[in-house]
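J.: Got a structure for you, questions after.
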Amino acid sequence: MTYIPAGTTSRAPWALEITPEAAGWAYCGLRVLNLSGETVTFHTGSSEMLVLPLSGSCLIEADGERLSLHGRSSVFSDVTDFGYVPIDTEVTVTGEGRFALPAARATRRFPVRYGPAEKVPVEIRGAGRASRQVNNFCAPDAFDCDKLVSVEVLTPGGNWSSYPPHKHDTASAHEAVLEEIYYFEGGPGYQRVYGGHEVLAEVSAGDVVLVPRGYHGPSMAAPGYDLYYLNVLAGPADERSMAFCDDPRHAWIRGTWEQQQVDDRVPFGRAG
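As structure tokens, then:
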């Protein structure tokens, strides 16, 4: 199971459910929840999780805390607020919309917390046809937790992201070992994974690509179609990191960005 088309892992109440066991690895998971005003209750078990609105808004109740998420109309309209829920916690979510729950197996228990949209670091990465927007809402230096790392990437139509291709499957001073999930909205687009694990898949809303090892990228947005992906990452290291190693055949491309203009279609929505 590497390329996962939308709907193929649905199991009530989840529109998408990927556990570490189903993925064949040790840490990363992801669920997606579609709500039309109803309430869903679940237990986090051994995973810490985020509740991230893709569209709509919700109320989270956990550990005696109530978090009201304002959310957003779509992934392309704005940066969103989010909620964090720790391991061994019963969680109730009530709302209307579509919600992603990135997860990672963890051992330390952090408190339930609210992540305000205005504190999410927004980064414009690359230039020219490699311009894209990265919302670093749960990057290691942006939000504190045990194992989970998660960011959003928005790529304008016709552009490439996750480029140059890179990997994080070897422990070193410059690279972390990480499992990674790509969850897509928008599209159509294309996702490449190679170097020990081969994927070239057409992707659109609700599709997933798993990256257990090897180089991944580019993520290509078809002309006329903006592409969104949610990255979920986790690994064995005690300290959270997103350290990676570029494919040495393509690393030179980073040096060309200084001579190019950044695409004026980023940042998207109110982030601009």
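For the sequence shown, my numbering gives the first residue as 191, with consecutive numbering after it.
Quick reminder that beta carbons are idealized off the backbone N, C-alpha and C, glycines included.
#1: Look up Lys-357 in the DSSP assignment and say whether it is helix, strand or coil.
#2: So, helix, strand or coil for Trp-350, using DSSP?
#3: How many Å lie between Ile-314 and Val-275 at the Cα?
#4: Since Tyr-418 and Glu-370 should fall inside the 8 angstroms C-beta cutoff, what is the C-beta to C-beta distance between them, to a whole number of angstroms?
#5: Between Gln-323 and Val-241, how many whole angstroms is the CB-CB distance? I'm expecting something under 8 angstroms.
#6: Out of curiosity, what's the CA-to-CA distance linking Tyr-304 and Gly-273?
#7: Out of Val-265, Gly-287 and Thr-297, point me to the one whose CA is closest to Ala-307's CA.
#8: Are the beta-carbon atoms of Phe-434 and Glu-388 separated by less than 8 angstroms?
#9: Return the chain-ordered list of same chain residues with a C-beta closer than 6 angstroms to the C-beta of Arg-231, the five sequence neighbours on each side being excluded.
#10: Out of curiosity, what's the CA-to-CA distance linking Trp-442 and Gln-449?
#11: One question on the structure: do Tyr-405 and Asp-437 come within less than 8 angstroms of each other, judged by their Cβ atoms?
#12: Just confirm the distance between the C-beta atoms of Gly-246 and Glu-286, as a whole number of angstroms; I'd bet it's less than 8 angstroms.
#13: Roughly how many angstroms separate the alpha carbons of Gly-227 and Ser-431, rounded to a whole number?
#14: Would you mind stating whether Ser-321 and Asp-416 have Cβ atoms separated by less than 8 angstroms?
#15: Since I believe Arg-299 is in contact with Asp-278 (beta carbons under 8 angstroms), could you give me their beta-carbon distance rounded to a whole number of angstroms?
#16: Taking the continuous alpha helix (DSSP H) assigned at Ala-213, which residues delimit it?
#17: For the structure I just gave you, are there three or more beta carbon pairs, one from the region 392-407 and one from the region 248-260, closer than 8 angstroms?
#18: Suppose the cutoff is 7 angstroms on Cβ atoms and the five residues either side in sequence are ignored; what does the same chain contact list for Gly-385 look like?
#19: By DSSP, does Gln-449 sit in helix, in strand, or in coil?
#20: Are Gly-379 and Val-393 closer than 8 angstroms when you measure CB to CB?
T.: Looking at the coordinates:
#1: The sequence position of residue 357 within the sequence shown is 167, counting from 1. Note: Lys-357 maps to strand in three-state DSSP.
#2: Within the sequence shown, numbered from 1, the residue matching residue 350 stands at position 160. When secondary structure is reduced to three states using DSSP, Trp-350 falls in the strand class.
#3: For the purposes of this step, residue 314 is identified with residue 124 of the sequence shown, where counting begins at 1. For the purposes of this step, residue 275 is identified with residue 85 of the sequence shown, where counting begins at 1. Taking the straight line from one Cα to the other gives about 29 angstroms.
#4: As a position in the sequence shown, residue 418 is number 228, starting the count at 1. As a position in the sequence shown, residue 370 is number 180, starting the count at 1. Between the beta-carbon of Tyr-418 and that of Glu-370 there is about 16 angstroms, and that puts the pair past the 8 angstroms contact cut.
#5: In the sequence shown, the residue the question calls residue 323 occupies position 133. In the sequence shown, the residue the question calls residue 241 occupies position 51. Gln-323 to Val-241, Cβ: 22 angstroms. No contact.
#6: Counting from one through the sequence shown, the residue named residue 304 turns up at place 114. Counting from one through the sequence shown, the residue named residue 273 turns up at place 83. Whole-angstrom Cα-Cα distance: 5 angstroms.
#7: Locating residue 307 in the sequence shown gives position 117, counting from the first residue. Closest by alpha carbon: Val-265.
#8: Locating residue 434 in the sequence shown gives position 244, where the first residue counts as 1. Locating residue 388 in the sequence shown gives position 198, where the first residue counts as 1. Against a cut-off of 8 angstroms, the Cβ pair of Glu-388 and Phe-434 comes out as no contact.
#9: Taking the first residue of the sequence shown as 1, we reach residue 231 at position 41. Per the sequence shown, the amino acid found at residue 231 is Thr instead of Arg. Residues of the same chain with a CB within less than 6 angstroms of the CB of Thr-231, apart from the 5 flanking positions on each side, are Thr-282 in chain order.
#10: Position 252 of the sequence shown, counted from the first residue, corresponds to residue 442. Position 259 of the sequence shown, counted from the first residue, corresponds to residue 449. Their Cα atoms are separated by approximately 13 angstroms.
#11: Translated into positions along the sequence shown, residue 405 becomes position 215. Translated into positions along the sequence shown, residue 437 becomes position 247. A contact, by the Cβ cut-off of 8 angstroms.
#12: As a working mapping, residue 246 is identified with position 56 in the sequence shown. As a working mapping, residue 286 is identified with position 96 in the sequence shown. About 5 angstroms separates the two Cβ atoms, so the contact holds.
#13: Residue mapping note: residue 227 aligns to position 37 of the sequence shown, counting from 1. Residue mapping note: residue 431 aligns to position 241 of the sequence shown, counting from 1. Roughly 37 angstroms separates the two Cα atoms.
#14: Along the sequence shown, read from residue 1 onward, the residue named residue 321 stands at position 131. Along the sequence shown, read from residue 1 onward, the residue named residue 416 stands at position 226. No, these two residues do not count as a Cβ contact at 8 angstroms.
#15: Translated into positions along the sequence shown, residue 278 becomes position 88. Translated into positions along the sequence shown, residue 299 becomes position 109. At roughly 7 angstroms, the Cβ-Cβ gap stays under 8 angstroms, so Asp-278 and Arg-299 are in contact.
#16: What you label residue 213 is simply residue 23 of the sequence shown in a count that begins at 1. From DSSP, the alpha helix (DSSP H) with Ala-213 extends over 210-213.
#17: Taking 8 angstroms as the limit for Cβ pairs, the verdict is that the region 248-260 does not touch the region 392-407.
#18: What you label residue 385 is simply residue 195 of the sequence shown in a count that begins at 1. Cβ neighbours of Gly-385 beyond the five flanking positions: Lys-357, Gly-404 and Tyr-405.
#19: Indexing the sequence shown from 1 puts residue 449 at position 259. Helix.
#20: Taking the sequence shown and counting its residues from 1, one reaches residue 379 at position 189. Taking the sequence shown and counting its residues from 1, one reaches residue 393 at position 203. Yes.
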